[in-house]
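If you count the sequence shown from 1, position 128 lands on 114 in our numbering, and the numbers rise without skipping.
Notes follow once the structure below has been shown.
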Amino acid sequence: VAAVVAPEGDAFGVARVSLPLNDINAAMGHVNAVIAVGALIAAALGVLLAFQITRITVDPVRRLTRISREMAEGNLNQEITAPSRDEVGDLARAFNRMAAKLKEAMALVTAERDRMATVLESMSDAIFVVDGEGRVTMTNKSAEKVLQVPRDAAQGRHFIEVVRDYEIDALLQRCLEEREQQTGLVEIRSKKQLLGVIATPFQEDTGCLLLIQDLTEMRKLETVRRDFIANLSHELRTPIASLKALGETLHEGAIDQPSVARDFVGKMNVEVDRLAQMVQEMGELSRIESGEAPLQRTLVNVIEIVDRAAGRLKPQADRAGLRLETEVAPDLPRVPADGGRIEQVLVNLIHNAIKFTLSGGRITVSAKAEGDKLVVSVSDTGVGIPEDDLPRVFERFYKADRARAGGGTGLGLAIARHVVEAHGGRIWVESVEGRGATFRFSLPLAP
């Protein structure tokens, strides 16, 4: 560096200072080193700060992504901790609210689904859900019972392959094509079933819902009710008509003839006695069914009951030209039962056998122990019972056509069934038409 020296305004010389470049370069190198170190430290701090900022910003987003995947897989018990007040924190809190609402909605949907599944499983009617191609997508438990089709075997198969009935499938096809509810009654003769079918299309889908009701028992009950009314009318009509005819005859002058009047009055008494017996037996049957006639249980000897019942009807069997025999082992155990009621059952069964066995036939009353029960049988060599009538012989007033000419009220076997069932036993009949019949009932032995 050079500068003029002029202390009083007049230059008298020049001052010159110099420094070797090596020293300057050394100083600049030191400065550059300091700057480089400072830059590296600043860069490192910047990188650390960037990582920290990235972690604070990106980690919640990553957690949101992870939790979203878990929620998509069905795990809704998720929540994101968001202490910050920035946009990411707002997003996390909004996500938590969404997750809570979604969890509540799923809980409601699950509850409704479980409730609907419970309703479907408890229904006695068969339910089939069928898609637009006619394939079964869902069934309930009753479908197995009504149509005897395993649920696993029905899933995914065509409906016609499951039900194997063209009439039911025709209702489904009409429902799928016309998109309108279809109803109908279908009788499956091979199974003796009457089914009520309702096919309803889904409003927002191409499939249908089929409800199949088993009306077999209902039809049977309706038949029983109809026959009961018809039989009761028949049983009442005959004595009432006889009483009316006898009364009119007496009113028209027969009452003035003592012998004829006495004969008519005797006949009227017979008809009145028949009506009284019918009313008495109906009342007794009603009391047994309603439990108003409690059983007087004691340990009874069945041998004595069989002997008493056979002894009471022996004269009647002799008059009909029949052999009435008993075959009872002497070592039969006693049973807890109402002796009078069991004797009544035996009397009804033996009387029934006498009524339908031709002269020269045989009636056998037997009893034996089988396991934990005692079985009493009444066998005859009579006309037998048609196969179609066997399931209904224990119904009140029910009579086979062959029995129409016989006397009685038609209530004896119904009373016998209710008495035996009240004892916890079972009564049944075995018969081949023309080869006689065997009525059996069982009574539980004492523990």
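Heads up, the beta-carbon is just placed ideally off N, CA and C, and yes, glycines get one too.
According to the Cβ coordinates, are residue i and residue j closer than 9 Å?
i: L261; j: I226; result: yes
i: N126; j: A139; result: no
i: L171; j: V116; result: no
i: R309; j: G357; result: no
i: D74; j: T43; result: Sequence inspection shows Val at residue 74; the Asp mentioned does not correspond to that position. Going by C-beta atoms, V74 is nearer than 9 Å to T43.
i: P377; j: E419; result: no
i: I184; j: L201; result: no
i: T284; j: G325; result: yes
i: A355; j: R382; result: no
i: V0; j: V(-10); result: yes
i: V331; j: V256; result: no
i: D155; j: I174; result: no
i: N63; j: K89; result: yes
i: P430; j: L360; result: yes
i: F114; j: V105; result: no
i: M442; j: S228; result: Absent from the structure is residue 442, since the part of the chain shown begins at -13 and ends at 433.
i: G120; j: L158; result: yes
i: V148; j: V132; result: no
i: A303; j: A353; result: no
CA-CA distance, residue i and residue j?
i: N287; j: P319; result: 7 Å
i: A78; j: N61; result: 17 Å
i: A295; j: S219; result: 31 Å
i: T350; j: A423; result: 11 Å
i: A432; j: E313; result: 22 Å
i: P244; j: I289; result: 50 Å
i: L397; j: N334; result: 9 Å
i: R493; j: F188; result: The requested residue 493 is not part of the displayed model; the chain covers only -13 to 433.
i: E59; j: L50; result: 14 Å
i: D242; j: A231; result: 16 Å
i: G193; j: E65; result: 39 Å
i: D374; j: N338; result: 19 Å
i: A(-12); j: P6; result: 15 Å
i: V17; j: V23; result: 10 Å
i: F425; j: R248; result: 41 Å
i: G118; j: Q167; result: 15 Å
i: M92; j: D76; result: 24 Å
i: V258; j: A240; result: 19 Å
i: F37; j: R55; result: 25 Å
i: V251; j: L236; result: 9 Å
Comparing C-alpha positions only, which one of the options sits nearest to residue i?
i: R298; options: I340, T284 and R283; result: I340
i: V415; options: L34, F427, H144 and E329; result: F427
i: M454; options: Q199, E147, E98 and Q266; result: The structure shown does not extend to residue 454, since the chain is modelled only from -13 through 433, so no value can be given for it.
i: V364; options: D374, D375 and F342; result: F342
i: P46; options: D213, M92, A402 and R71; result: R71
i: S128; options: E107, M102 and E147; result: E107
i: E407; options: A323, A353, P6 and V246; result: A323
i: R165; options: F145, S176 and D191; result: D191
i: F81; options: F37, D249, I53 and T186; result: I53
i: R205; options: T186, K178 and L222; result: K178
Can you tell me whether residue i is helix, strand or coil according to DSSP?
i: S245; result: helix
i: G182; result: strand
i: P301; result: helix
i: K359; result: strand
i: L162; result: helix
i: V17; result: helix
i: R320; result: coil
i: P280; result: coil
i: S228; result: helix
i: T96; result: helix
i: T123; result: strand
i: R388; result: Any reading at R388 must be qualified, since the residue scores a pLDDT of 44, below 50, and its modelled position is unreliable; no value is offered.
i: Q199; result: strand
i: F188; result: coil
i: D366; result: strand
i: T343; result: coil
i: P(-1); result: Per the sequence shown, the amino acid found at residue -1 is Gly instead of Pro. Note: G(-1) maps to strand in three-state DSSP.
i: A(-8); result: coil
i: K206; result: helix
i: G142; result: coil
i: R150; result: coil
What whole-angstrom Cβ distance do residue i and residue j have, given they're in contact under 8 Å?
i: R412; j: F380; result: Going by Cβ atoms, the distance from R412 to F380 rounds to 11 Å, so no, they are not a contact pair.
i: A85; j: M124; result: Not confirmed; about 30 Å, so no contact.
i: L281; j: R327; result: 6 Å
i: V345; j: G307; result: Correcting the residue type first, residue 345 is Ser in the shown sequence and not Val. Correct: roughly 3 Å between the Cβ atoms.
i: E234; j: I291; result: With a Cβ gap of about 46 Å, E234 and I291 do not count as contacting.
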